[in-house]
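To start, the structure itself, in structure tokens.
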């Protein structure tokens, strides 16, 4: 069974640009969450999508957005990039809400560097 | 709201020695508890979880953790570590319910020395 796939794995952008990251969840998983990992702030929750709807959102500015498609794949977008957006962005998938095991399966992440 | 405190940022230990990584949490509601491991340049892998039932939870790679509700702790232990256990370990909590939002601790870097 394939795991969570994130693309691209590494990317470099400059300040002011925008970036789109992609996440393909494990087959059958309908919930996709995104986390930002930085040395200073650690792991912080960005948002969660379930059945194409944002179910929960963390404390990030509106420059951070996401969406989920009907096949459960998800994308997140960061506009007007700032140096502080340099981070590892992790995607995690889990089973539908009715199977409440709580386990998240993480991808290997997309490492974004903003110059 | 929830918060997680991992009391040690770095834990060096010799190979084959026992280790305990400490985790305390705070929450106004009941939570599920998790330990994840992260190897360099990789994502997070679940070691073990506490959902309900027995407070002693066994996970992969010989790790176990004990949930202590009165002390709001969920410490991770291994009786004998290997070089391959060198990694960063994260404690996390999630409130009961359908939302999947995890609150993570700041992590503990475990370094196993030969």
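Chains as they are written, first to last, in this note's numbering: chain A, 1 to 115; chain B, 1 to 114.
Note that the Cβ used here is the ideal one computed from N, Cα and C, for glycine as well.
{"Check": "For residue 94(A), the three-state DSSP class (helix, strand or coil)", "Outcome": "strand"}
{"Check": "Exposed unless 16 or more other CB atoms sit within 10 angstroms - verdict on residue 16(A)", "Outcome": "exposed"}
{"Check": "Residues from the segment 33-67 of chain A in contact with chain B, defined by Cβ distance under 7 Å", "Outcome": "33, 42, 43, 45, 48, 55 and 56"}
{"Check": "Residue 110(B) at chain A interface by Cβ criterion, 9 Å", "Outcome": "no"}
{"Check": "Within 9 Å, strictly: CB atoms of residue 89(B) and residue 36(B)", "Outcome": "yes"}
{"Check": "Paired residues, beta bridge with residue 189(A) - DSSP", "Outcome": "Lying outside 1 to 115, the shown extent of chain A, residue 189(A) is not represented and no answer is given."}
{"Check": "Contact with chain A by residue 3(B), beta-carbon distance below 9 Å", "Outcome": "no"}
{"Check": "Complete runs of the beta strand (DSSP E) confined to the segment 5-31 of chain B [at least 3 residues]", "Outcome": "10-14, 19-21 and 23-27"}
{"Check": "Partners in chain B for residue 108(A), counting only beta-carbon separations shorter than 7 Å", "Outcome": "42 and 43"}
{"Check": "Interfacial residues, the segment 45-74 of chain B to chain A, with Cβ spacing under 8 Å", "Outcome": "45, 46, 49 and 51"}
{"Check": "Own chain residues within Cβ distance below 7 Å of residue 60(A), not counting five before or after", "Outcome": "46"}
{"Check": "Chain B contacts from the segment 74-94 of chain A (Cβ-Cβ distance under 8 Å)", "Outcome": "90, 92 and 94"}
{"Check": "Under 8 Å by beta carbon: chain A residues contacting residue 106(B)", "Outcome": "42"}
{"Check": "Cβ neighbours of residue 73(A) in the same chain (closer than 6 Å, five flanking residues each side left out)", "Outcome": "24"}
{"Check": "Sheet register partners of residue 38(A) (DSSP bridge)", "Outcome": "42(A)"}
{"Check": "Contacts around residue 81(A), its chain only, beta-carbon distance under 7 Å, and the 5 residues preceding and following it disregarded", "Outcome": "13, 15, 16, 17, 18, 19 and 114"}
{"Check": "Proximal chain A residues relative to residue 101(B), where beta-carbon distance stays under 8 Å", "Outcome": "33, 45, 48, 56 and 58"}
{"Check": "Backbone CA spacing between residue 95(B) and residue 83(B) [nearest angstrom]", "Outcome": "34 Å"}
{"Check": "Residue-level contact to chain A via CB, residue 25(B), 9 Å cutoff", "Outcome": "no"}
{"Check": "Limits of the beta strand (DSSP E) - the one that residue 73(B) falls within", "Outcome": "73-78"}
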